[in-house]
Structure formats: structure tokens, C-alpha cells
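In this note's numbering, the protein residues as written are 791 to 903. Glycine included, each C-beta is placed from N, C-alpha and C at the ideal position. Keep in mind the model is a prediction, meaning the values are calculated, not measured. So the structure is just underneath, and the comments pick up after that.
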DNA sequence: CACCTGACATAAT
DNA sequence: AATTATGCCAGGT
């Protein structure tokens with residue numbers, strides 16, 4: 791029973807989700823790269839779209855990290871159990887983490903032309 | 001290393 | 001309908 795359900799996703803959100811789906815397992819992308827790929831110069835708009843994440847496992851929003859390769863946020867939180875969950879998923883997918891909790895530079899996915 | 005500014009879309013007023 | 005406020009940033013000073 792849909793209570794607090796999702797509203798119709800906007801074109802922008804859909805765009806973000808689609809691009810995110812292009813990221814293979816074991817790799818991660820950044821908000822900035824994703825945004826630039828969509829022609830959007832703002833990474834925050836990306837985060838806002840992901841934050842709503844209507845499609846949880848369908849859209850691997852957990853494969854998105856900060857431009858500094860930081861873990862970034864998740865489920866609308868920048869810290870907390872949700873974040874730990876995100877890290878766990880990435881590690882489960884084969885993403886390597888540095889001792890600082892940052893993602894390995896080699897795990898960054900590059901978008902095709 | 002801390003702070004402020006910039007760019008963009010959505011939600012709320 | 002228009003404006004204000006905010007948000008899983010980025011980048012530069």
C-alpha cells in the first residue's frame with residue numbers, strides 16, 4: 791500500500807537514473823562526472839535527484855561518490871547507518887576503498903562519449 | 001586547511 | 001504564476 795509514494799519522476803531525474811545505470815558493477819562515478827555527462831554543470835542537482843531515489847535497487851545510487859572520491863551521502867544522509875550500508879554494498883560489488891575511507895581512484899567509471 | 005562562491009533542479013511559500 | 005529556500009556537490013581562494 792503505497793503511502794508516501796513517489797511522484798512522477800521528472801525528465802531530469804530519469805536522465806540521471808539512466809546514466810547511473812550505465813555504471814558497471816565494481817565501479818563508481820562522481821556527481822560531477824555524471825552531471826557533466828548529462829550536460830549539467832551542477833552536481834548538486836544530481837544529488838537531489840538521487841536523494842529521492844524512487845527506484846532503490848533498480849538505480850544503483852550507491853555507486854555514486856563525491857568528486858573527492860569520498861563516500862558522499864546516501865538516503866538523504868551524509869553520515870549514519872545508511873552511509874555504512876552504502877559502503878558495504880560497494881565493497882560487496884568489488885569496489886576498493888582506501889585507508890581514508892575514500893574510493894580507489896581506479897574504481898572510477900568513465901562515461902563514454 | 002577553512003571558507004566562500006558557483007551552477008541547476010525541485011519543493012515549498 | 002513568481003520568488004525563496006534548499007539540497008547525497010565542485011572548485012577555487
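Please classify residue i as buried or exposed, where buried requires at least 16 other C-beta atoms within 10 Å of its C-beta.
i	result
residue 864	buried
residue 849	buried
Less than 9 Å between the C-beta atoms of residue i and residue j, yes or no?
i	j	result
residue 837	residue 871	no
residue 827	residue 801	no
residue 901	residue 823	yes
residue 883	residue 842	no
residue 858	residue 892	yes
residue 856	residue 807	no
Who are residue i's beta bridge partners in DSSP?
i	result
residue 898	818
residue 887	893
residue 917	The structure shown does not extend to residue 917, since the chain is modelled only from 791 through 903, so no value can be given for it.
residue 854	819
Under 6 Å Cβ to Cβ from residue i, same chain only, skipping five residues before and after it: list those, please.
i	result
residue 817	897, 899
residue 813	819, 853, 899
By Cβ distance below 7 Å, which residues in the same chain neighbour residue i in space, the five residues on each side in sequence not counted?
i	result
residue 805	828
Identify which residue in the options has its Cα closest to the Cα of residue i.
i	options	result
residue 895	860, 846, 839	860
Please determine whether the Cβ atom of residue i lies at a distance below 8 Å from any heavy atom of the ligand HEM.
i	result
residue 842	The model depicted lacks the ligand HEM and carries no ligand whatsoever.
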